[in-house]
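Residue numbers (our numbering): 9 to 480.
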């Protein structure tokens, strides 16, 4: 393979690998974009901090925008639950009034008809004062619609709590994935710089051999082209590494401008001691995003029953007690108790319209839950396939890297001895670059695949606690 053919192959391989590990596991619930944001917290220090992958995950759980949004969703659902519950709980109000008024009784028919019993009543009375201090009570005794509205909000609250748990699991996966990608980018920087140094040494060697009359000038030119290509690769690798670090810093909420370094020591993730079918079954019972989808289905069912309940009779009790008089001193206690039965007769099609909306919402929620169930099934199976594939690729890539290094050493020796031109050296350099990239892809791809299995089953936070040595 010559240099012109190997370079496009290498670029295509790098692009495909970046796309393959660049996507975190599918997020359910809040929009995925929020998980790539974070709220910076703290004051940047002048020292360069060392952040491990566990440190990054713990910071993300505190400052990632996705977790914060999901947490506020729980607060909103709690408020909606209390609003719905208020229709079933007693509502008590009180007020105290002091009124000064003058009335025209003739406007109400008093004293306006000669010979009537009201003939001698003055047409205008007052001014006089009225003092009234009273407590009002309203209680729903039977209201099927309000009862089911309350149940629907209770299911939505539970769905919000489960979504918050799912957000934490997803943030663990996103932060861990970005950290591993940053380590992979760092490994590519080291590899590119090593290849650049090799290209520089070969260029210097070619100059010396040309001055000695051993090789032709075309070999020097070829070595210089290879040096420029390796320099460009090293520059691109550094830029990609720094951009990945910036994205990671944003996700975990580092203070703006804080310099940090990565710790290349990754904790060993446990292997899933389950078959694929067992893992799928465990995921269906453990994944909080799927449980949240089921809660939303139950909420939609309760909302539909609430709409039906609007067409049923309801019973309410209203009561008040207080003291009323011309002055506070001569006020006397009075009360009123009213029991009311409301029977809907005709509502102009409003109930039918709401029932059609509730049926459509219920069908949508059920379809979403089934889609998520299928998504989890395929996600878990794909994660197991990735683990097997990357484990095999890691073994093969390690051997290929060693063989490529030996090939480069032999090609350099043949070139230095004048037995061959540096075409073999350039080809060997390209082979080393490809083999190194394949090894990096397999090494960090294996870690990402094991993390995807943990995420797919729904054990991200439990696994994190074990790695931290207990509950935190």
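Beta carbons: idealized from backbone N, C-alpha and C, even for Gly.
The DSSP assignment places complete alpha helix (DSSP H) segments of no fewer than 4 residues inside the stretch 266–333 at 284–294 and 296–317, in order along the chain.
Just measuring C-alpha positions, the residue of 150, 366 and 292 sitting nearest residue 320 is 150.
Residues 223, 227, 228, 231 and 430 of the same chain have their beta carbon placed closer than 7 Å to that of residue 214, with the five preceding and five following residues left out of the count.
DSSP places residue 172 inside the alpha helix (DSSP H), whose first and last residues are 152–219.
The continuous beta strand (DSSP E) containing residue 59 extends over residues 57–59.
Ranking 464, 401 and 67 by CA distance to the CA of residue 447 puts 401 first.
Within the model, the alpha-carbon separation for residue 419 versus residue 436 is close to 7 Å.
For residue 356, no beta strand (DSSP E) encloses it, and the DSSP letter there is neither H nor E.
Residue pairing from DSSP places residue 349 in a beta bridge opposite 323. Bounds of the beta strand (DSSP E) holding residue 104 are 99–112.
With contacts defined as CB atoms closer than 8 Å, residue 179 and residue 68 qualify as a contacting pair.
Residue 145 has 100 and 327 as its beta-bridge partners, per DSSP. Put simply, the backbone Cα of residue 241 is about 6 Å away from that of residue 200.
Straight through space, the alpha carbons of residue 467 and residue 60 are spaced by roughly 20 Å. Of the candidates 336, 335, 322 and 311, 311 places its Cα closest to the Cα of residue 368.
Taking every protein chain shown into account, the CB of residue 216 has fewer than 16 other CB atoms within 10 angstroms, so this residue is exposed. With respect to residue 457, residue 405 sits apart: the two C-beta atoms are not nearer than 8 Å. Comparing alpha carbon positions, the residue from 373, 455 and 140 closest to residue 275 is 455. Inclusion of residue 73 and residue 104 in the CB contact set at 8 Å is not warranted, their separation being larger than that value. The beta carbon of residue 376 lies closer than 7 Å to those of 301 in the same chain, with the five residues before and after it left out.
Here the alpha carbon of residue 394 sits roughly 35 Å from the alpha carbon of residue 432. Residue range 431–465 is occupied by the alpha helix (DSSP H) that includes residue 436. With fewer than three CB-CB distances shorter than 8 Å, the stretch 185–193 does not count as touching the stretch 132–152. Taking the CA atoms as reference points, residue 81 sits about 48 Å from residue 441. Per DSSP, the continuous alpha helix (DSSP H) segment holding residue 249 begins and ends at 225–260. In chain order, 81, 82 and 85 place their CB closer than 7 Å to the CB of residue 168, counting only its own chain and leaving out the 5 sequence neighbours on each side.
Cβ-Cβ distances below 6 Å link residue 408 to 443 in the same chain, with the five nearest sequence neighbours on each side left out; the list follows chain order. Excluding the 5 residues flanking it on each side, residue 245 has same chain C-beta neighbours closer than 6 Å at 196, 197 and 200, in chain order.
Taken atom to atom, the span from the alpha-carbon of residue 182 to that of residue 56 is near 23 Å. In this structure, DSSP gives residue 336 a helical state, which the three-state scheme calls helix. Exposure of residue 267 is indicated by the presence of fewer than 16 other C-beta atoms within 10 angstroms of its C-beta. Going by beta carbons, residue 145 and residue 100 fall inside the 8 Å limit. In the three-state reduction of the DSSP assignment, residue 118 falls in the coil class. Under the three-state reduction of DSSP, residue 417 is assigned to helix.
Per DSSP, residue 45 lies in no alpha helix (DSSP H) and is assigned neither H nor E. Put simply, the backbone Cα of residue 412 is about 16 Å away from that of residue 449.
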